[in-house]
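First comes the structure, then the notes that go with it.
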Amino acid sequence: MTNPVADGVLRPHPGEPGRTEASLAAPAAQNHAANLTMLPGGDLGCVWFAGTQEGVADISVWFSRLTPEAAGWSAPVRLSDDATRSEQNPVLFPTPSGELWLLHTAQRAGHQDTAEVRRRISRDNGVTWGPSRVLFPATAGGGVFVRQPVAVLPSGRWLLPVFRCVTTPGERWSGGRDTSSVMISDDTGATWDERPVPGSTGLVHMNIHALPDGSALALFRSRRADHVYRCRSEDDGETWTAPEPLPVPNNNSSLQYVPLDDGRLALVHNHSSAADATERRVSLYDEIDDDGVSDAAPADGTGTGATPPPPDDTAFWGAPRAPLTLSLSSDGGRSWPVRHDLETGDGYCLTNNSRDGLNRELSYPSIARSPDGTLHIAFTHHRRVITYLRLSPAWTAGEDMGG
Numbered sequence: 270m271t272n273p274v275a276d277g278v279l280r281p282h283p284g285e286p287g288r289t290e291a292s293l294a295a296p297a298a299q300n301h302a303a304n305l306t307m308l309p310g311g312d313l314g315c316v317w318f319a320g321t322q323e324g325v326a327d328i329s330v331w332f333s334r335l336t337p338e339a340a341g342w343s344a345p346v347r348l349s350d351d352a353t354r355s356e357q358n359p360v361l362f363p364t365p366s367g368e369l370w371l372l373h374t375a376q377r378a379g380h381q382d383t384a385e386v387r388r389r390i391s392r393d394n395g396v397t398w399g400p401s402r403v404l405f406p407a408t409a410g411g412g413v414f415v416r417q418p419v420a421v422l423p424s425g426r427w428l429l430p431v432f433r434c435v436t437t438p439g440e441r442w443s444g445g446r447d448t449s450s451v452m453i454s455d456d457t458g459a460t461w462d463e464r465p466v467p468g469s470t471g472l473v474h475m476n477i478h479a480l481p482d483g484s485a486l487a488l489f490r491s492r493r494a495d496h497v498y499r500c501r502s503e504d505d506g507e508t509w510t511a512p513e514p515l516p517v518p519n520n521n522s523s524l525q526y527v528p529l530d531d532g533r534l535a536l537v538h539n540h541s542s543a544a545d546a547t548e549r550r551v552s553l554y555d556e557i558d559d560d561g562v563s564d565a566a567p568a569d570g571t572g573t574g575a576t577p578p579p580p581d582d583t584a585f586w587g588a589p590r591a592p593l594t595l596s597l598s599s600d601g602g603r604s605w606p607v608r609h610d611l612e613t614g615d616g617y618c619l620t621n622n623s624r625d626g627l628n629r630e631l632s633y634p635s636i637a638r639s640p641d642g643t644l645h646i647a648f649t650h651h652r653r654v655i656t657y658l659r660l661s662p663a664w665t666a667g668e669d670m671g672g
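Using our numbering, the letters of the sequence shown map in sequence onto residues 270 to 672.
Below, the structure is given as structure tokens:
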């Protein structure tokens, strides 16, 4: 998909039976960080953030839905509008009681250490929404971020993965000291208790699912751009093993997985790492001034992107964000031998510039599964549009996926 038509219309993929795709209408120059959720009644919901550029105060959360009978996605609707903060990383959560929650972050300019998590609630499946409230505030130790959905365990316990954006006094946030935690609720979200994950410095975007053996499995993005990491809990999220690297590369970009009915796990990610990079950026927010104004990088992508980071900063920014890959595991996430590249490209991401079309990442995938086994994937296409892929059960079970 070289030049996607951002009209939301579903189209079959030429040469791949069982694969359908669409690019959602783009309400702004930059569109990023989609999250998909199966909604009550069979609709598919997608939220993402859009605006001038990540970190700028005009970044807001947008929402679109795909009904089972529709030929395409609905026109996007804005769900947040704080003129003083960049509102990012939205997540939808259909609660067991029938409410639909929207969770997202809100930060000042490019300072993730100022981020707080906000919540809005809909009681009519996303048609109307209540007021925005702060669920988890920033603290003196740093900001708090979400990216992955709430996991509801068989016991009824809710697990919400978060990560803490940690800075050293006098230094700007760069990501290398971030740590992961799990927020636990046993009263359907009325109160929350935090459980830090041991050994998680530099590991974020913790993605949790309950497995058939009664354990909970978490996969992580690595700020070091080395590997996907994995840890487990055997006690409903109270304690977690220290994360260990998997033989799967990670490029300091997001990933997401979902269990399948046959026991396999399906992971969407970028099959790349720092080993594939010839240049690097200092920070995700190189181009954002303290006042939240975007200074676009030079057209050749040089400048701040070629400057080495401080010696004590382990975060690696700038590894290629491509290809977009679907991998499968048949052993509970220990190995991922089956791999299919859904989209390919050079993944250039030394700039977040969307206005001039300099960014070419295929990144931040989200994956959801219908009751019939259909897989739904959404991802960032060049920071310009959100692209959606629908893969039939026959496609997933086909020879290309090792079925």
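Ideal Cβ placement from N, Cα and C applies to all residues, glycine included.
Bear in mind the structure is a predicted one, so any value in this text is a computation, not a measurement.
Contact between the stretch 341 to 348 and the stretch 427 to 439 is defined here as three or more beta-carbon pairs at a separation below 8 Å; is this criterion met? no
What do you reckon, are the CB atoms on I557 and G324 nearer than 7 Å? yes
Enumerate, from N- to C-terminal direction, the unbroken beta strand (DSSP E) stretches of 3 or more residues contained entirely within the stretch 336 to 395. 355 to 363, 369 to 377 and 380 to 391
Specify the secondary structure class of A543 as computed by DSSP and reduced to three states. helix
Buried or exposed (CB count within 10 angstroms, at least 16 for buried), S424: exposed
For the alpha helix (DSSP H) containing A663, name the first residue and the last one. P662 to T665
For T321, which of helix, strand or coil comes out of DSSP? coil
Going by other Cβ atoms of all chains shown within 10 Å of its Cβ, with 16 needed for buried, is A459 buried or exposed? exposed
Could you tell me the distance, in whole angstroms, from the CA atom of R654 to the CA atom of N300? Position check: residue 654 holds Val in this sequence, whereas Arg was assumed. So the two alpha carbons sit approximately 5 Å from each other.
May I have the straight-line CA-CA distance separating T643 from T457, to the nearest angstrom? 29 Å
Buried versus exposed, by CB contacts within 10 Å (16 or more), R603: exposed
On a Cα-Cα basis, can you pick out the residue from L536, R334, R590 and L597 that is closest to T613? R590
Return helix, strand or coil for F489, following the three-state DSSP convention. strand
Cβ pair R433, G468 closer than 7 Å: no
Please report how far the alpha carbon of T470 lies from the alpha carbon of S450, in whole angstroms. 10 Å
Check for me: the beta strand (DSSP E) holding A275 runs from which residue to which? Per DSSP, A275 belongs to no beta strand (DSSP E) and is neither H nor E.
Would T620 pass as a contact of Y633 if the rule is Cβ separation under 7 Å? no
Give a yes or no on contact between the stretch 513 to 533 and the stretch 287 to 294, applying the rule of three or more CB pairs nearer than 8 Å. no
When you compare each of S391, G314, A588 and A647 to S491 by their alpha carbons, which one comes out closest? A588
Leaving aside the five residues before and after G445 along the sequence, list all residues of the same chain whose C-beta is less than 7 Å from its C-beta, in chain order. G471, R492, D582, T583 and A584
Less than 7 Å between the C-beta atoms of L597 and A666, yes or no? no
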